[in-house]
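Student:
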Amino acid sequence: MSKKVGILTGGGDAPGLNQVIRGAVYRGIKHYNFEFFGILDGWRGLLEKQMVPLTIDDVRDISGEGGTILGSSRTNPFKTEDGGAICKKNFEELGLDAIISLGGEDTMGVAYQLFSEYEVPTVGAPKTIDNDLPGTDQCFGFDTAINRVMEAFDRLRTTARSHHRILVVEVMGRHAGWMTLVGGVAGGADIILLPEEAFDIDEVAEKLKKLREEGRKYALVAASEGAKFKFAEGTDIITQDAQIDEFGHVRLGGIGKILAKELQKRTGWEARHVVLGHLQRGGAPSAFDRWFSTRLGIAAADQIANENYGTMVVLKGSEIVPVSLQEAAKGIRTVPEDLINMMKIFEP
Ligand code: F6P
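Per our numbering, residue 298 is the first one in the sequence shown, and the count goes up by one each step.
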């Protein structure tokens, strides 16, 4: 039976969003005779009934494009009075049969709430460069992002070596260190600081001094934006300001600059910092992310054809399988202790 399907992309953009859309539209139209509509700017589009038709012609040529052709936002409909009921009403008035929502913990949390409390048929796919969504072995966007981090280290190594400097690289990822860990190890960082384990700045400085004493003329430090300083009275993260978004997140950032200053002071070694920021998210997806995302899009259309709603299509081993959306609402998936310990063999 033909269905009218809306697709939306929520939260921070990630490489692979367009490829999921493309996979779903091709599969849905060619195999199931679905009609597709793009809901603009995440959940805001559903709240405001902003929707455009999506045809194969619209997605044919976007296999190499980053970002999202549908726009994104961090709108939480449940922050609007009666937001859930408005979404349900708009869903019905737009004549939709199902929604594919592409996003991270926040977008999936809304999808799950709309499904479980308002009976809106939703199917999700796990997007985030942070790679912190539970229920999947990997999120799309992550592979591209870690390659960006690795390339940054490859470039920064040559300039750090030329100038005999410490280079501190601030990596996104919020409260999960996946990007810093994988990008940092791949890029050969000497010190890797993750949100999962608070660090003592004096200990970090000592390790760098040891490295210098051993004859190394430069050093590379990978620091997660959400890494925590250890103080006598506790731990602290560095935020850009006191603002929080509609999902209660603070804006992280600034740790790179502070670290460079503090490490230079403690080691006497010239230190600079680089904030990778949105360079990690923007631009064309890697081949892996294009392929992975395409498979997710195809699988999402299949779930809708099977009316297997309230699910998220994920990667388990090398298979794409559906799991309950509830899985995604179980907090964030952080780097486990064994991997943190493993990476320490590279420290001075
Ligand atoms: O969740 C993805 C992410 O890129 C985080 O790594 C980062 O902290 C955040 O989004 C930045 O959000 P924004 O683009 O809204 O500043």
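All C-beta atoms, glycine included, are put in the ideal place defined by N, C-alpha and C.
Can you look up M447 in the DSSP assignment and give me helix, strand or coil?
Tutor: helix
Student: For D427, is the beta carbon positioned less than 6 Å from some heavy atom of ligand 1?
Tutor: yes
Student: Closest to E494 by C-alpha separation, out of P619, H472, E503, would be which residue?
Tutor: H472
Student: Please determine, among D440, T564, L556, A568, the residue with the shortest C-alpha to C-alpha distance to D586.
Tutor: D440
Student: Using 6 Å as the cut-off, classify the Cβ of L478 as near or not near the heavy atoms of ligand 1, replying yes or no.
Tutor: It does not: the Cβ of L478 is nowhere closer than 6 Å to a heavy atom of ligand 1.
Student: How is H460 classed by DSSP in three states: helix, strand or coil?
Tutor: helix
Student: Mark N315 as exposed unless 16 or more other C-beta atoms lie within 10 angstroms of its C-beta, in which case mark it buried.
Tutor: Buried is the call here.
Student: Rank L344, G364, L351, F375 by C-alpha distance to the C-alpha of K386 and give the top, closest one.
Tutor: L344
Student: Count the other C-beta atoms from every protein chain shown that fall within 10 angstroms of the C-beta of F643, then say buried if there are 16 or more, exposed otherwise.
Tutor: exposed
Student: Which of the three DSSP states is assigned to L593 in this structure?
Tutor: helix
Student: Going straight from the alpha carbon of W340 to that of E511, what length do you get?
Tutor: 54 Å
Student: Please report the distance separating the alpha-carbon of S459 from that of F528.
Tutor: 34 Å
Student: Rounded to a whole number of angstroms, what is the C-alpha to C-alpha distance between T456 and E567?
Tutor: 13 Å
Student: By the 10 Å Cβ neighbour count, where 16 or more other Cβ atoms means buried, how is L416 classified, buried or exposed?
Tutor: For clarity, residue 416 is Glu in the given sequence; the question names Leu instead. So E416 counts as exposed.
Student: If you compare alpha carbons, which of D533, A321, I426 is closest to H575?
Tutor: I426
Student: Compute the distance between the beta-carbons of A520 and I397, then report whether it is under 7 Å.
Tutor: Between A520 and I397, the C-beta gap is not smaller than 7 Å, which leaves the two residues out of contact.
Student: For R563, which residues in the same chain have their Cβ closer than 6 Å to its Cβ, ignoring the five residues on either side in sequence?
Tutor: A502
Student: Kindly indicate which residue of G361, L399, E414 has the alpha-carbon position closest to the one of I383.
Tutor: E414
Student: Locate the alpha helix (DSSP H) running through V632, then write down its first and last residues.
Tutor: Note, V632: premise wrong, no alpha helix (DSSP H); not H, not E.
Student: Are the segment 616-630 and the segment 352-369 touching, with three or more C-beta to C-beta distances below 8 Å?
Tutor: Flag = no, the segment 616-630 and the segment 352-369 do not touch.
Student: Does S413 come out as helix, strand or coil in the three-state DSSP assignment?
Tutor: helix
Student: Taking the continuous alpha helix (DSSP H) assigned at L331, which residues delimit it?
Tutor: It is Phe, not Leu, that sits at residue 331 in the sequence shown. Run containing F331: none; DSSP gives neither H nor E here.
Student: Confirm, please, whether the CB-CB distance from V420 to A597 is below 7 Å.
Tutor: yes
Student: Verify whether the separation of the beta carbon atoms of Q577 and A442 is less than 7 Å.
Tutor: yes
Student: Please report the straight-line C-alpha distance between L633 and I595, rounded to a whole angstrom.
Tutor: The sequence shown places Pro at residue 633, not Leu. When rounded, the distance between both Cα atoms is 31 Å.
Student: Mapping the DSSP letters down to three states, classify K525 as helix, strand or coil.
Tutor: coil
Student: Relative to the alpha-carbon of K525, which residue among H328, A516, T536 has its alpha-carbon at the smallest distance?
Tutor: T536
Student: Quick check: the segment 535-554 against the segment 328-335, are at least 3 beta-carbon pairs closer than 8 Å?
Tutor: At 8 Å Cβ cutoff, the stretches do not touch.
Student: Is G339 near ligand 1, judged by its Cβ being under 6 Å from some heavy atom?
Tutor: no
Student: Out of curiosity, what's the CA-to-CA distance linking S590 and S370?
Tutor: 20 Å
Student: If we call anything under 7 Å between Cβ atoms a contact, is P619 one with L508?
Tutor: no
Student: To which residues does DSSP link E467 through a beta bridge?
Tutor: Per DSSP, A520, V572.
Student: How far does the beta strand (DSSP E) with A539 in it extend, from its first residue to its last?
Tutor: 536-541
Student: Determine the contact status of A486 and L517, defining contact as a CB-CB distance below 7 Å.
Tutor: yes
Student: Can R630 be considered in contact with ligand 1, in the sense that its beta carbon sits closer than 6 Å to one or more heavy atoms?
Tutor: no
Student: Could you give the residue range of the alpha helix (DSSP H) that holds D354?
Tutor: Element bounds for D354: 353-356.
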